[in-house]
Each structure stands twice: as structure tokens, then as C-alpha cells.
Amino acid sequence: MPEPLIEGWTDMHISPVIAIWISKQIGIPAKSFYDLNFHQTEDIDVFMIAKRHNAIILTKDEDFANLLTRFNPPPQVIQLNCGNTSNLKLKSILEISLREAYDYLIDADESFIEIAG
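Residue 12 is where the sequence shown starts when you use the working numbering, and the numbers rise one by one after that.
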């Protein structure tokens, strides 16, 4: 039986629409921080919850990369270096590179990767 896919969590700076799109279009199970009720949750607390769930955090800021350095994986982190952009532009970036980044983290047993846009 194949292992279940590791869930991706999109941070507060990414529209919840993107998490739904990732699940449907890319085939990676994803939830937004909004769906997970992390509206008022500090990054360190989110990080520790993600650690327990072995999640992959998709983020636009460096806070989770810094936490990864301090507390070690899991979770794994995909950092988007595309600044503030439209959902349409973000989807085009992710469509090209998210599956490859996700597979790299899993297959190479890495904890961090950046996606430029």
C-alpha cells in the first residue's frame, strides 16, 4: 500500500484559494492556515504543530526557515520568493515548480527549498 502524501500547509500570506487549487490541480493534499484555524497563532506554535503532523509549510516569509534552523525538521519548508503577487501569477509559478519541490523534499530527505517567481 503506498504511503499517504504528506500534507502541505499554506501560510497566512497565501490565499486559502491556493491551498484548494494545490489539492485539485497539483494533487498534493493541502490546507490553508485559515482552514487550520491558525489566524491568531504564533509562528513558533504553528511550527511545532506542523512538526507533530510532519507537514510541509508553504510560505512567503523567512520566519519558518529560521525556525527550521533553530528546531530542526520536521516540518519541511517551501519558501516562495515571489513577493506579493496575484493568485493567477502564483498558480502559474506553482504549476511549474511545486510538484518538483515537493518531491525533492520527500525523495532527497531535505527540509528546505526555495521557489523563485
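C-beta atoms are modelled at their ideal positions from N, C-alpha and C, and glycine is treated no differently.
The region 72–89 and the region 52–63 touch, with no fewer than 3 CB-CB distances between them shorter than 8 Å.
S108 carries a helical assignment under DSSP once its states are collapsed to helix, strand and coil.
Burial check for K71: the Cβ neighbour count within 10 Å reaches 16 or more, so the residue is buried. The Cβ-Cβ distance between I67 and D22 does not fall below 8 Å.
Assignment of T52 by DSSP, reduced to helix, strand and coil, places it in the coil class.
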